[in-house]
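Below is one structure, written out as structure tokens; the observations come after it.
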Amino acid sequence: MRRSALCVAGCTGSRVLDECARSRAVQPLEADRVHSRVADVRVRGCRSGHAVIPSAPDTIGPMDGENSNEQIYFAGGCLWGVQAFIATLPGVTFTEAGRANGASQSIDGPYDGYAECVRTGFDPAVVSVEQLMAYFFEIIDPYSVNRQGPDVGQKYRTGVYSDSPSHLDQARAFIAARDDADRIAVEVLPLANYVRSAQEHQDRLARFPDDSCHLSAELLTKYSD
């Protein structure tokens, strides 16, 4: 059972705000206010048992696995759980928590339209984009718009992003082949303005197992060795 905790985040003045921020006490705001950070972070599924976590520098740089064969980016709600799940998949060589398709390349300032995402390096000789899509669909509600689990807001939308037209074609083909294709709300778009999230969000659930996200422990460990 999730324990109550102070939500933690990247700094805004003296306050601490984050990718998976705000307490459940905060009620959803009107849809026309989603374009501010406060409005976009409404109801949270990610919980931290840590009262204060220092904000890390907004470093945007290479991670281990930077030179992996190929990279694709998955947005599936709170990135803590999404990263923890994807990191266990066969053929995945590295993961990184980040933001995609916002209006800027900074983690400072007001909400700019980004989606929380996980940068995913993978070996196409081991796992295909189609297979990654199938894994991804195990952890999302593909019909939900701007919401996954209890996390509500534009930043929690589902999406698949890549610099590779081939990746996007394969992702679209996977969706088109489904019987429920006309109901799918997952956006498939070229990658724009990717920004690495602050260090406090990287491999969050692996480093702080008492924290939690919207995904069940069963899902998070389904493909673990």
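Just so you know, the sequence shown maps onto residues 10 to 234 in this note's numbering.
Virtual Cβ for every residue (Gly too), placed ideally from N, Cα, C.
Since the structure is predicted, the reported quantities are computational estimates derived from the model, not experimental observations.
Discussion item. Only counting the same chain, and skipping five residues up and downstream in sequence, which positions put a Cβ closer than 6 angstroms to that of GLN114?
Written reply: Here residue 114 refers to the residue found at position 105 of the sequence shown. The answer, listed in chain order, is ASN202 and VAL204.
Worksheet item: Counting along the chain, where does the alpha helix (DSSP H) carrying PRO174 start and finish?
Response: For the purposes of this step, residue 174 is identified with residue 165 of the sequence shown, where counting begins at 1. It spans 174 to 185 - the alpha helix (DSSP H) in which PRO174 sits, taken as one unbroken run.
Worksheet item: Out of PHE94, ARG166, VAL138 and ALA96, which has the shortest C-alpha to C-alpha gap to ALA194?
Response: Residue numbering aside, residue 194 sits at position 185 when the sequence shown is read from its first letter. Nearest option by C-alpha distance: ARG166.
Discussion item. Let's see if you can read the secondary structure: which residues bound the beta strand (DSSP E) around GLY168?
Written reply: The sequence position of residue 168 within the sequence shown is 159, counting from 1. Unbroken beta strand (DSSP E) run through GLY168: 167 to 171.
Item to complete: Within the same chain, show all residues whose beta-carbon is closer than 6 angstroms to that of ARG192, passing over the 5 residues directly before and after it, in chain order.
Response: By one-based count along the sequence shown, residue 192 stands at place 183. Closer than 6 angstroms at the Cβ level, and outside the excluded window around ARG192, lie TYR152.
Discussion item. Let me check one thing: in DSSP terms, what residues is ILE81 bridge-paired to?
Written reply: Here the question's residue 81 lines up with position 72 in the sequence shown. ILE81 is bridged to THR129.
Discussion item. Would you say the beta carbon of PHE131 is closer than 7 angstroms to some non-hydrogen atom of the ligand GDP?
Written reply: Judged by which ligands are present, the structure shown has none, so any question about the ligand GDP falls away.
Worksheet item: Would you say the region 139 to 151 touches the region 165 to 179, given that touching needs at least three Cβ pairs under 8 angstroms?
Response: yes
Worksheet item: Roughly how many angstroms separate the alpha carbons of ASP132 and GLY162, rounded to a whole number?
Response: To locate residue 132, count along the sequence shown from 1; it is residue 123. To locate residue 162, count along the sequence shown from 1; it is residue 153. Between ASP132 and GLY162, the C-alpha separation is close to 32 angstroms.
Worksheet item: For the alpha helix (DSSP H) that contains VAL139, what are its first and last residues?
Response: On the sequence shown, position 130 is the one that residue 139 refers to. Strictly speaking, residue 139 in this sequence is Glu, with Val absent from that position. 138 to 147 is the extent of the alpha helix (DSSP H) around GLU139.
Discussion item. Considering only DSSP beta bridges, list what THR104 is partnered with.
Written reply: Position 95 of the sequence shown holds residue 104. DSSP output for THR104 lists THR129 as bridge partner(s).
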